[in-house]
Amino acid sequence: MKAIAYYASLPISDAKSLQDIELPEPVAGPRDLLVEVKAISVNPVDTKVRQNVQPEGGAAKVLGWDVAGVVKSVGSDVTLFKAGDKVFYAGSIARAGGNSELHVVDERIVGHMPKSLGFAEAAALPLTAITAWELLFERLQVREGNTDEGQSLLIVGAAGGVGSILTQLAHQLTGLKVIGTASRPQTQSWVRELGADLVIDHSQPLSEELKRADIQNVTHVASLTQTDEHLDQLVEALAPQGKLALIDDPKALDVTKLKRKSISLHWEFMYTRSLFETADMIEQHKLLNRIAELIDAGTLKTTVGEHFGTINAENLRRAHELLESGKAKGKIVLEGF
Numbered sequence: 001m002k003a004i005a006y007y008a009s010l011p012i013s014d015a016k017s018l019q020d021i022e023l024p025e026p027v028a029g030p031r032d033l034l035v036e037v038k039a040i041s042v043n044p045v046d047t048k049v050r051q052n053v054q055p056e057g058g059a060a061k062v063l064g065w066d067v068a069g070v071v072k073s074v075g076s077d078v079t080l081f082k083a084g085d086k087v088f089y090a091g092s093i094a095r096a097g098g099n100s101e102l103h104v105v106d107e108r109i110v111g112h113m114p115k116s117l118g119f120a121e122a123a124a125l126p127l128t129a130i131t132a133w134e135l136l137f138e139r140l141q142v143r144e145g146n147t148d149e150g151q152s153l154l155i156v157g158a159a160g161g162v163g164s165i166l167t168q169l170a171h172q173l174t175g176l177k178v179i180g181t182a183s184r185p186q187t188q189s190w191v192r193e194l195g196a197d198l199v200i201d202h203s204q205p206l207s208e209e210l211k212r213a214d215i216q217n218v219t220h221v222a223s224l225t226q227t228d229e230h231l232d233q234l235v236e237a238l239a240p241q242g243k244l245a246l247i248d249d250p251k252a253l254d255v256t257k258l259k260r261k262s263i264s265l266h267w268e269f270m271y272t273r274s275l276f277e278t279a280d281m282i283e284q285h286k287l288l289n290r291i292a293e294l295i296d297a298g299t300l301k302t303t304v305g306e307h308f309g310t311i312n313a314e315n316l317r318r319a320h321e322l323l324e325s326g327k328a329k330g331k332i333v334l335e336g337f
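First residue of the sequence shown? That's 1 in UniProt numbering, and the numbers climb one at a time after it.
Rendered as structure tokens:
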């Protein structure tokens, strides 16, 4: 089968940083689906793994943790899907990625694809939707409905992949006042379209930006990027006994700064359930099905930013380059081999 992989961690400007190769077809385990990959999207995790993880023993390493496709066959113990089902999922970081014609994935982290979307639009959703959902409802423990009316959520980096879904979820499903950050006119406009009540500029001190908008503090923060750079401002902006959740990888984080206000810290990593095969791993199947229902009902919209064409090494290198620039808006998708 066709696949895109790398053999050594190289700068994305190097033609060998991602290569078109041929690999044997994968074999599904008892709880696995064998999926014919129709579309993928690219995430910051792809660039981080490519830059920092050297393949073992000269083997090819395949990236890609967002797939939409069709189930070709199922393992002996599979109960949730059958051949022919259209599916979408993010996969497991402990297994080969989905940048290949065929891919195997545990059924417990797979959802039925939204009926109203094509493959490319569906591929933009899984990783970011799972991350945003778990961060909002499980880590920050916000409740659906109007229970949290009067409280507020500051989303740092609201125009990116996770931010684009998180803004919609918070706006559509909760009573929170949603404040997004973005630094350019086009990304600020995008965040407003997604439902943010207010957009502020994260290139300026955040607590001052909030005060300019007559907001003294916020009860919840979702820090999706540059948490270490913004930490002092986030502590300043958070109300006493507020909640801070993050998804990025700061080199260091001085959590003693949270003590005076009794701020709780929450880390969201959407691969935890699949990596450790937790007892509640099937929750990702359930939440992806819920996301599909919300898409089909028109409550949420897909967050495709750009379609980069066919799934091949050249187009994936372009996608990695854009992500590494920090200027991507929404999700980058590729479709077909």
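Glycine included, each C-beta is placed from N, C-alpha and C at the ideal position.
Exercise. Is the distance from the Cβ of residue 162 to the Cβ of residue 123 below 8 Å?
Worked result: Contact: no.
For this session: Assign residue 291 to one of three DSSP states: helix, strand, or coil.
Result: Residue 291 carries a helical assignment under DSSP once its states are collapsed to helix, strand and coil.
Problem set entry | Close-in-space but distant-in-sequence residues of the same chain around residue 272 (CB under 8 Å, 5 per side omitted) | Take residue 272, set aside five residues on each side of it, and the residues of its chain with a beta-carbon closer than 8 Å to its own are 278, in chain order.
Exercise. With distances taken between CB atoms, is the gap from residue 166 to residue 237 smaller than 8 Å?
Worked result: No, the Cβ-Cβ distance between residue 166 and residue 237 is not below 8 Å.
Problem set entry | Start-to-end residues for the alpha helix (DSSP H) that takes in residue 189 | Note, residue 189: alpha helix (DSSP H), 185–193.
Problem set entry | Residues sharing a beta bridge with residue 174, DSSP | According to DSSP, which records beta bridges pairwise, residue 174 is partnered with 145.
Problem set entry | C-beta atoms of residue 158 and residue 180 nearer than 8 Å | In terms of Cβ geometry, residue 158 and residue 180 form a close pair [threshold 8 Å].
Exercise. Can at least three beta-carbon pairs, one atom from the region 132–148 and one from the region 201–215, be found at a separation below 8 Å?
Worked result: Three or more beta-carbon pairs separated by less than 8 Å are not found between the region 132–148 and the region 201–215, which leaves the two stretches without contact.
For this session: Whole angstroms is fine: what's the gap from residue 259's alpha carbon to residue 251's?
Result: Between residue 259 and residue 251, the C-alpha separation is close to 20 Å.
For this session: Mind reading off the beta-carbon distance from residue 85 to residue 112? Whole number of angstroms is fine, and I expect it under 8 Å.
Result: Confirmed, about 7 Å.
For this session: Can you give me the Cβ contacts of residue 177 inside the same chain, cut-off strictly under 6 Å, excluding the 5 residues immediately before and after it?
Result: Non-local beta-carbon contacts of residue 177 in its own chain, meaning distances under 6 Å to residues more than five positions away in sequence, involve 152 and 197 in chain order.
Problem set entry | Beta-carbon proximity list for residue 69, same chain, < 6 Å, skipping 5 on both sides | Closer than 6 Å at Cβ, skipping near neighbours: 35, 36, 37 and 38.
Exercise. Under a Cβ-count criterion, where at least 16 other Cβ atoms within 10 Å of its own Cβ denotes burial, should residue 64 be classed as buried or exposed?
Worked result: Buried.
Problem set entry | Boundaries of the beta strand (DSSP E) in which residue 120 is found, first to last residue | First-last for residue 120: 119–123, but that is the alpha helix (DSSP H), not the beta strand (DSSP E).
For this session: Return the chain-ordered list of same chain residues with a C-beta closer than 6 Å to the C-beta of residue 299, the five sequence neighbours on each side being excluded.
Result: So the qualifying residues of the chain are 172.
Exercise. Could you give the C-beta distance for residue 31 and residue 144, rounded to a whole number, given that I count them as a contact under 8 Å?
Worked result: Contact flag wrong, Cβ pair sits at about 30 Å.
For this session: Could you name the residues of the same chain whose beta carbon sits closer than 8 Å to that of residue 230, not counting the 5 residues immediately before and after it, in chain order?
Result: Contacts found: 156, 202, 206 and 223.
For this session: Check the DSSP bridge columns for residue 22 and list the partner residues they point to.
Result: Within the DSSP bridge table, the entry for residue 22 names 2 as partners.
Exercise. Below 8 Å between beta carbons: does that hold for residue 54 and residue 8?
Worked result: Cβ atoms of residue 54 and residue 8: closer than 8 Å.
Exercise. According to the neighbour-count rule (16 or more other Cβ atoms, all chains shown, within 10 Å of its Cβ), is residue 315 buried or exposed?
Worked result: Around the Cβ of residue 315, a 10 Å sphere holds 16 or more other Cβ atoms; the residue is buried.
Exercise. When burial is assigned at 16 or more other CB atoms within 10 Å of the CB, is residue 329 buried or exposed?
Worked result: Burial call: buried.
Problem set entry | Every unbroken beta strand (DSSP E) within the region 60–98, with a cutoff of 3 residues, ordered by chain | Taking only runs of at least 3 residues, the beta strand (DSSP E) segments lying wholly in the region 60–98 are 67–74 and 86–89.
Exercise. In this structure, does DSSP put residue 296 in helix, strand or coil?
Worked result: Of the three classes helix, strand and coil, the one that applies to residue 296 here is helix, per DSSP.
For this session: Measure the alpha-carbon distance for residue 295 versus residue 302 and round it to whole angstroms.
Result: Taking the straight line joining both Cα atoms gives about 7 Å.
Exercise. Residue 46 by DSSP, collapsed to three states: which one?
Worked result: Reduced to three states, the DSSP call for residue 46 is helix.
Exercise. Between residue 245 and residue 95, is the Cβ-Cβ spacing less than 8 Å?
Worked result: The Cβ-Cβ distance between residue 245 and residue 95 does not fall below 8 Å.
Exercise. In chain order, what residues of the same chain lie with their CB nearer than 6 Å to the CB of residue 175, ignoring the 5 residues before and after it?
Worked result: 146, 148 and 149.
Exercise. Contact check, residue 243 vs residue 220 under 8 Å by CB: the rounded distance?
Worked result: That pair is a contact at about 5 Å.
Problem set entry | Start-to-end residues for the beta strand (DSSP E) that takes in residue 306 | Note, residue 306: beta strand (DSSP E), 304–307.
For this session: Report the three-state DSSP secondary structure of residue 324 (helix, strand or coil).
Result: When DSSP states are grouped into helix, strand and coil, residue 324 belongs to the helix group.
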